[in-house]
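Colleague:
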Amino acid sequence: GENVEQHPSTLSVQEGDSAVIKCTYSDSASNYFPWYKQELGKGPQLIIDIRSNVGEKKDQRIAVTLNKTAKHFSLHITETQPEDSAVYFCAATSNTGGFKTIFGAGTRLFVKA
Amino acid sequence: DVKVTQSSRYLVKRTGEKVFLECVQDMDHENMFWYRQDPGLGLRLIYFSYDVKMKEKGDIPEGYSVSREKKERFSLILESASTNQTSMYLCASSYRGFYTEAFFGQGTRLTVV
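First to last, the sequence lines map onto chains S and E. Basically this note's numbering = 1-based index in the first sequence + 27. Basically this note's numbering = 1-based index in the second sequence + 515.
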């Protein structure tokens, strides 16, 4: 079946450094790619998303890039802060055969002060 | 602020019990979802609903059913709980449409003993 692979599963960075999380999807009909952040004891929350007609999107310290040819998209966090520590999920959505969103397995990010 | 509220944070049930997980949203969203979250597997869709009394199977519907009698409420039912249904359950809602943010509840951690 369709899937989304996410790497790494765990990432530890020093405060102020950058963090990059990468995802690869298999369904070529996917055209919407949201990223969610899940803090301890809470549900996931959308932090940024990108549509397939755009190659890059930035919002302050976070950015997402999309390569549709390679079926690859990435989350970039610059100037990391301890409050960025959380689990991050990528997802790919297609609307062929019905609305379908597939999530990656998640990346646990630790930002060390 | 959008609020998605799940009735319980923690539940412990016995094998064979019928279990009800309740979810209420206050933003008049058309779409509602139930996901299951397990370590290393990300979020997997159990069932979703686009409208009142409407339901569609997700990727892992076996052993579960749902009910949506009112727009704001979406219930997940475990017909006969089993130990392999021990997991974190997340409810989400969104507006109708493709490029729409999903708002998640805080999750219910269910343990079946």
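Note that CB positions come from ideal geometry on N, CA and C, so glycine has one too. All values reported here derive from a predicted model rather than from experimental measurement.
(1) What residues are listed by DSSP as bridge partners for Ile575 (chain E)?
(2) Among E:Tyr604, E:Gly555, E:Phe535 and E:Val527, which one has its Cα closest to the Cα of Arg583 (chain E)?
(3) CB-CB under 6 Å to Tyr610 (chain E), same chain, minus the five flanking residues each way: which ones, in chain order?
(4) Which residue marks the beginning of the beta strand (DSSP E) containing Asn80 (chain S), and which one marks its end?
(5) For the beta strand (DSSP E) that Met566 (chain E) lies in, which residues bound it at each end?
(6) Taking the alpha-carbon positions, what's the Ala596 (chain E) to Val527 (chain E) distance?
(7) Helix, strand or coil for Thr598 (chain E) per DSSP?
(8) Could you list the residues in the segment 547–575 of chain E with a C-beta less than 9 Å from some C-beta on chain S, going in chain order?
(9) Tell me, please, which residues DSSP counts as bridged to Ile592 (chain E).
(10) Among S:Ala97, S:Val138, S:Asn80 and S:Asp111, whose alpha-carbon lies nearest the alpha-carbon of Tyr59 (chain S)?
(11) Output the distance between the C-alpha atoms of Ser590 (chain E) and Met547 (chain E), rounded to the nearest integer angstrom.
(12) Quick check: the Cα distance between Asp76 (chain S) and Asp553 (chain E), rounded to an integer number of angstroms?
(13) For Lys139 (chain S), which residues from the same chain have a beta carbon less than 6 Å from its beta carbon, with the 5 sequence-adjacent residues on both sides left out?
(14) For the segment 72–85 of chain S, enumerate the residues whose C-beta is nearer than 9 Å to any C-beta of chain E, in chain order.
(15) Hey, out of S:Asn30, S:Asn122 and S:Glu110, whose CA is closest to Gly557 (chain E)'s CA?
(16) Starting from Val114 (chain S) and walking both ways along the beta strand (DSSP E), at which residues does that stretch end?
(17) Would a C-beta distance cut-off of 8 Å place Gly578 (chain E) and Leu560 (chain E) closer than the cut-off?
(18) Going along chain S in order, which residues have a C-beta closer than 7 Å to the C-beta of Leu605 (chain E)?
(19) Of the choices S:Lys49, S:Asp54 and S:Arg78, whose alpha-carbon is the least far from that of His103 (chain S)?
(20) What does Glu587 (chain E) reach in chain S if we use C-beta pairs closer than 9 Å?
(21) Could you pull out every residue in the same chain whose Cβ sits closer than 7 Å to the Cβ of Thr105 (chain S), ignoring the five residues on either side in sequence?
Modeller: Considering the structure as presented:
(1) Along the second sequence, one-based indexing puts residue 575 (chain E) at 60. Paired residues: none, contrary to the question.
(2) Looking up residue 583 (chain E) in the second sequence gives position 68. Among E:Tyr604, E:Gly555, E:Phe535 and E:Val527, the Cα nearest to that of Arg583 (chain E) belongs to E:Phe535.
(3) The count along the second sequence starts at 1 and reaches residue 610 (chain E) at position 95. Once the five neighbours on either side are set aside, the close Cβ partners of Tyr610 (chain E) are His544.
(4) Counting from one through the first sequence, the residue named residue 80 (chain S) turns up at place 53. Annotation: Asn80 (chain S) is outside any beta strand (DSSP E) and is labelled neither H nor E by DSSP.
(5) Residue numbering aside, residue 566 (chain E) sits at position 51 when the second sequence is read from its first letter. The sequence given here has Asp at residue 566 (chain E), not Met. Run containing Asp566 (chain E): none; DSSP gives neither H nor E here.
(6) Stepping through the second sequence from its first residue, residue 596 (chain E) is reached at position 81. Stepping through the second sequence from its first residue, residue 527 (chain E) is reached at position 12. Roughly 11 Å between the two C-alpha positions.
(7) As a working note, residue 598 (chain E) is residue 83 in the second sequence. In the structure shown, the three-state DSSP call for Thr598 (chain E) is helix.
(8) Phe548, Tyr550, Gln552, Pro554, Gly555, Leu556, Gly557, Leu558, Arg559, Leu560, Phe563, Tyr565, Glu571, Gly573 and Asp574
(9) Here residue 592 (chain E) corresponds to residue number 77 of the second sequence, with the count starting at 1. According to DSSP, Ile592 (chain E) bridges with E:Phe535 and E:Ser580.
(10) Locating residue 59 (chain S) in the first sequence gives position 32, counting from the first residue. Tyr59 (chain S) has its Cα closest to that of S:Asn80, out of S:Ala97, S:Val138, S:Asn80 and S:Asp111.
(11) As a working note, residue 590 (chain E) is residue 75 in the second sequence. As a working note, residue 547 (chain E) is residue 32 in the second sequence. Roughly 10 Å separates the two Cα atoms.
(12) For the purposes of this step, residue 76 (chain S) is taken as the residue at position 49 of the first sequence. For the purposes of this step, residue 553 (chain E) is taken as the residue at position 38 of the second sequence. Each residue's alpha carbon lies about 23 Å from the other.
(13) Residue 139 (chain S) sits at position 112 when you count from the first residue of the first sequence. For Lys139 (chain S), where only same-chain residues beyond five positions count, the Cβ hits under 6 Å are Gln41.
(14) Gln72, Leu73, Asp76 and Arg78
(15) Translated into the one-based positions of the second sequence, residue 557 (chain E) becomes position 42. If we check each option's Cα against that of Gly557 (chain E), S:Asn30 comes out closest.
(16) Position 87 of the first sequence holds residue 114 (chain S). It spans Ala113 to Ser121 - the beta strand (DSSP E) in which Val114 (chain S) sits, taken as one unbroken run.
(17) Position 63 of the second sequence, counted from the first residue, corresponds to residue 578 (chain E). Position 45 of the second sequence, counted from the first residue, corresponds to residue 560 (chain E). No, these two residues do not count as a Cβ contact at 8 Å.
(18) Locating residue 605 (chain E) in the second sequence gives position 90, where the first residue counts as 1. Per Cβ cutoff of 7 Å: Gly70.
(19) The residue you call residue 103 (chain S) lines up with position 76 of the first sequence. The shortest Cα separation from His103 (chain S) among S:Lys49, S:Asp54 and S:Arg78 belongs to S:Lys49.
(20) The residue given as residue 587 (chain E) occupies position 72 in the second sequence. Ordered by position in chain S, no residue passes the 9 Å Cβ test against Glu587 (chain E), which lies about 17 Å from the chain.
(21) As a working note, residue 105 (chain S) is residue 78 in the first sequence. Within the same chain, Thr105 (chain S) has close Cβ partners Ser45 and Arg88.
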